[in-house]
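Undergrad: Take a look at the following structure, please.
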Amino acid sequence: MTQTSAPVAVPTHDCRQVFAEELIALARADERVVVVCNDSVGSSNLVGFRDEFPDRLINVGIAEQDLVGVGAGLANGGLIPFVSAAGPFLTGRALEQIKADCAYSGHKVILCGQSPGMAYGELGPTHHSVEDLSWLRAIADLPVIVPTDREQTRAAIRWAYASDGPCYVRIPRFKVPDVLPVDAPFEPGRAVTLRDGGDVTVVAIGTMVSRALEAADTLGAEGVSTRVINCPFVDPLDEEAILRAARETRGIVTVEEATLSGGLGAAVASVVGQRHPVPLRLLGVNGFAPTGDAAFLLDYFGLTADGIRMAVVDVLGSAGV
696 MTQTSAPVAV
706 PTHDCRQVFA
716 EELIALARAD
726 ERVVVVCNDS
736 VGSSNLVGFR
746 DEFPDRLINV
756 GIAEQDLVGV
766 GAGLANGGLI
776 PFVSAAGPFL
786 TGRALEQIKA
796 DCAYSGHKVI
806 LCGQSPGMAY
816 GELGPTHHSV
826 EDLSWLRAIA
836 DLPVIVPTDR
846 EQTRAAIRWA
856 YASDGPCYVR
866 IPRFKVPDVL
876 PVDAPFEPGR
886 AVTLRDGGDV
896 TVVAIGTMVS
906 RALEAADTLG
916 AEGVSTRVIN
926 CPFVDPLDEE
936 AILRAARETR
946 GIVTVEEATL
956 SGGLGAAVAS
966 VVGQRHPVPL
976 RLLGVNGFAP
986 TGDAAFLLDY
996 FGLTADGIRM
1006 AVVDVLGSAG
1016 V
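Following the numbering used here, the numbering of the sequence shown begins with 696 at its first residue and continues without gaps.
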């Protein structure tokens, strides 16, 4: 009898843990670091911060407009506020304050959207943060960042702390594997090429990056050479990396845990359509989600390794391959 080994499960991680660790480390080194939250100490993983710095955590209650306004006031007073709340409520309810009090006023408020995408699963579309990228990309002078794994979450928090203005950072709740090297670059407008390839390009962010790499492995076994690009900065986008992919491969697939109206795919389509048109497929959320847990919902919208593989096959078909 031939014995076979069971597949080894890839460890996955909740990036909110890294978020909390970095906040505490920054607060220990810089007394200007404060946190503002909306009754979300638990869901933002801020219990440790509150216990160590009880006078530097401000809980405004369920009042997101005030949440952002208080953050802007603290920034105006010389502090460095990390404003943390569930993504749909932070962005949807306080959009005017994000625009006027943070971006337009230039106050350094670090907006941390917790549990983005469909991480809240069964709580439904009221709790899903899939429109945040579209809403915030429309606001000038506001970098929009979607970390992919633990190291990129750490890099995003450190970059936001050191930057001069406001930004929005998605903090993943859906557990993800580590896929980026520790020394991966993290700069505004700079993408990371995780896999080189000459046939087609997949541009992915957040929870979708590990799935894009899995799809690239399958496609490689089928003879399709797939480039995988990670764009942690949805805004500003690395337009040169996108145009290089358009010139050097036969088509592009974008994949994001966000609505197709205005997010990563729309940004890539705008660049490609205006400067170097190629066959393009956008994978994301199209419509309100049904009831189900986060893993089910990703499968429902085709945000899987196989869904990405099928989109690649489709785009190559459009390219006549």
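Each residue gets a CB set at the ideal place from its N, CA and C atoms; glycine is no exception.
Can you check DSSP and say which residues form a bridge with Gln-863?
TA: In the sequence shown, residue 863 corresponds to position 168, counting from 1. For clarity, residue 863 is Tyr in the given sequence; the question names Gln instead. Bridge partners of Tyr-863: Leu-806 and Val-839.
Undergrad: With Ala-916 and Pro-974 assumed to form a contact (beta carbons below 8 Å), what rounded beta-carbon distance in angstroms separates them?
TA: In the sequence shown, counting from the first residue as 1, residue 916 sits at position 221. In the sequence shown, counting from the first residue as 1, residue 974 sits at position 279. With 8 Å as the limit, Ala-916 and Pro-974 do not qualify as a contact, their Cβ atoms being about 23 Å apart.
Undergrad: Within the segment 727-815, note down every full beta strand (DSSP E) run reaching 3 residues or more, in order along the chain.
TA: Here the runs fully enclosed are 728-732, 752-754, 775-781 and 805-809.
Undergrad: Does Asn-733 pass the burial test, meaning 16 or more other C-beta atoms within 10 Å, or should it be called exposed?
TA: Translated into the one-based positions of the sequence shown, residue 733 becomes position 38. Its Cβ being crowded by 16 or more others within 10 Å, Asn-733 is buried.
Undergrad: Which residue wins for smallest C-alpha separation from Gly-901, given the options Cys-710, Arg-885 and Val-731?
TA: By one-based count along the sequence shown, residue 901 stands at place 206. Ranking the options by Cα distance to Gly-901, first place goes to Cys-710.
Undergrad: Measure the CB-CB distance between Leu-837 and Cys-797 and report whether it falls below 8 Å.
TA: Counted from its first residue, the sequence shown places residue 837 at position 142. Counted from its first residue, the sequence shown places residue 797 at position 102. Yes. Within cutoff.
Undergrad: Do the segment 824-841 and the segment 775-786 make contact, defined as three or more Cβ pairs closer than 8 Å?
TA: Touching, yes, given that three or more Cβ pairs across the two stretches are closer than 8 Å.
Undergrad: Below 8 Å between beta carbons: does that hold for Thr-954 and Gly-987?
TA: Looking up residue 954 in the sequence shown gives position 259. Looking up residue 987 in the sequence shown gives position 292. Going by C-beta atoms, Thr-954 is not nearer than 8 Å to Gly-987.
Undergrad: If you compare alpha carbons, which of Val-948, Gly-743, Gly-884 and Leu-790 is closest to Gly-997?
TA: Along the sequence shown, read from residue 1 onward, the residue named residue 997 stands at position 302. Taking only the C-alpha atoms, the option nearest Gly-997 is Val-948.
Undergrad: Within 10 angstroms of its Cβ, does Asn-740 collect 16 or more other Cβ (buried), or is it exposed?
TA: Indexing the sequence shown from 1 puts residue 740 at position 45. Buried, by the Cβ-count rule.
Undergrad: In chain order, what are the residue ranges of uninterrupted alpha helix (DSSP H) at least 4 long that sit wholly in the segment 902-976?
TA: Taking only runs of at least 4 residues, the alpha helix (DSSP H) segments lying wholly in the segment 902-976 are 903-916, 934-943 and 959-970.
Undergrad: How many whole angstroms separate the CB atoms of Ile-1003 and Val-897, which I take to be in contact at a CB cut-off of 8 Å?
TA: One-based indexing of the sequence shown puts residue 1003 at position 308. One-based indexing of the sequence shown puts residue 897 at position 202. At roughly 6 Å, the Cβ-Cβ gap stays under 8 Å, so Ile-1003 and Val-897 are in contact.
Undergrad: Helix, strand or coil, according to DSSP, for Ser-858 in the structure here?
TA: Mapped onto the sequence shown, residue 858 falls at position 163. Coil, per DSSP.
Undergrad: By DSSP, does Arg-890 sit in helix, in strand, or in coil?
TA: For the purposes of this step, residue 890 is taken as residue 195 along the sequence shown, with counting starting at 1. It is a strand residue.
Undergrad: Rounded to the nearest angstrom, what separates Pro-972 and Ala-962 at their Cα positions?
TA: As a first step, residue 972 must be located in the sequence shown, where it is residue number 277. As a first step, residue 962 must be located in the sequence shown, where it is residue number 267. Those two C-alpha atoms are separated by around 13 Å.
Undergrad: If the criterion is Cβ atoms closer than 8 Å, does the pair Ala-907 and Gly-892 meet it?
TA: Taking the sequence shown and counting its residues from 1, one reaches residue 907 at position 212. Taking the sequence shown and counting its residues from 1, one reaches residue 892 at position 197. Against a cut-off of 8 Å, the Cβ pair of Gly-892 and Ala-907 comes out as no contact.
Undergrad: Cβ atoms of Val-778 and Gly-768: under 8 Å apart, would you say?
TA: Counting from 1 along the sequence shown, the entry for residue 768 is found at position 73. Counting from 1 along the sequence shown, the entry for residue 778 is found at position 83. Not a contact, by the Cβ cut-off of 8 Å.
Undergrad: Starting from Ala-899, follow its DSSP beta bridges and name the residues at the other end.
TA: What you label residue 899 is simply residue 204 of the sequence shown in a count that begins at 1. Note: Ala-899 sits in a beta bridge opposite Asn-925 and Val-950.
Undergrad: Note down the Cα distance separating Asp-1001 from Leu-914, rounded to an integer number of angstroms.
TA: For this step, residue 1001 is matched to residue 306 along the sequence shown. For this step, residue 914 is matched to residue 219 along the sequence shown. The straight-line gap from Cα to Cα measures roughly 10 Å.
Undergrad: Buried or exposed for Val-742, going by 16 or more other Cβ atoms inside 10 Å?
TA: Translated into the one-based positions of the sequence shown, residue 742 becomes position 47. The residue is exposed, with fewer than 16 neighbouring Cβ atoms inside 10 Å.
Undergrad: Between which two residues does the alpha helix (DSSP H) carrying Gly-1012 extend?
TA: What you label residue 1012 is simply residue 317 of the sequence shown in a count that begins at 1. Segment 1000-1013, the alpha helix (DSSP H) holding Gly-1012.
Undergrad: When you compare the CB positions of Val-895 and Gly-958, do they come within less than 8 Å of one another, or not?
TA: Here residue 895 is taken as the residue at index 200 of the sequence shown, counted from 1. Here residue 958 is taken as the residue at index 263 of the sequence shown, counted from 1. Cβ distance not < 8 Å, so Val-895 and Gly-958 don't count as in contact.
Undergrad: Here's the rule: buried if 16 or more other CB atoms are within 10 angstroms of the residue's CB, otherwise exposed. What is Val-864?
TA: Counting from 1 along the sequence shown, the entry for residue 864 is found at position 169. So Val-864 ends up on the buried side.
Undergrad: Using DSSP with H/G/I as helix, E/B as strand and the rest coil, what is Val-877?
TA: As a working mapping, residue 877 is identified with position 182 in the sequence shown. In this structure, Val-877 counts as coil in the three-state DSSP scheme.
Undergrad: Please classify Phe-983 as buried or exposed, where buried requires at least 16 neighbouring CB atoms within 10 angstroms.
TA: As a first step, residue 983 is located in the sequence shown; it is residue number 288 there, counting from the start. Phe-983 comes out exposed.
Undergrad: Is the beta carbon of Arg-727 sitting closer than 8 Å to the one on Leu-774?
TA: By 1-based counting over the sequence shown, the position of residue 727 is 32. By 1-based counting over the sequence shown, the position of residue 774 is 79. Their beta carbons are under 8 Å apart, which means Arg-727 touches Leu-774 by this criterion.
Undergrad: Name the residue from Asp-859, Lys-803 and Phe-881 whose alpha carbon lies nearest to the alpha carbon of Val-929.
TA: As a working note, residue 929 is residue 234 in the sequence shown. Closest by alpha carbon: Phe-881.
Undergrad: If you drop the 5 nearest sequence neighbours on each side, which residues of the same chain put their C-beta closer than 7 Å to that of Glu-934?
TA: Indexing the sequence shown from 1 puts residue 934 at position 239. Contacts found: Val-966.
Undergrad: Let me know the secondary structure DSSP gives Val-825 once reduced to three states.
TA: Taking the sequence shown and counting its residues from 1, the one referred to as residue 825 is at position 130. DSSP places Val-825 in coil when its eight states are reduced to three.
Undergrad: Identify the continuous alpha helix (DSSP H) that holds Val-691 and give its terminal residues.
TA: Lying outside 696 to 1016, the shown extent of the chain, residue 691 is not represented and no answer is given.
Undergrad: Roughly how far, in whole angstroms, is the beta-carbon of Ile-840 from the beta-carbon of Ala-833, given that I think they are within contact range, below 8 Å?
TA: Taking the first residue of the sequence shown as 1, we reach residue 840 at position 145. Taking the first residue of the sequence shown as 1, we reach residue 833 at position 138. The pair is not a contact, with the Cβ atoms about 16 Å apart (cut-off 8 Å).
Undergrad: Please state whether the Cβ-Cβ distance between Glu-952 and Met-903 is less than 8 Å.
TA: Within the sequence shown, residue 952 is the residue found at index 257, counting from 1. Within the sequence shown, residue 903 is the residue found at index 208, counting from 1. Cβ distance < 8 Å, so Glu-952 and Met-903 count as in contact.
Undergrad: Would you check if the distance between the CB atom of Glu-846 and the CB atom of Ala-886 is smaller than 8 Å?
TA: The sequence position of residue 846 within the sequence shown is 151, counting from 1. The sequence position of residue 886 within the sequence shown is 191, counting from 1. In this structure, Ala-886 does not lie closer than 8 Å to Glu-846 by Cβ.
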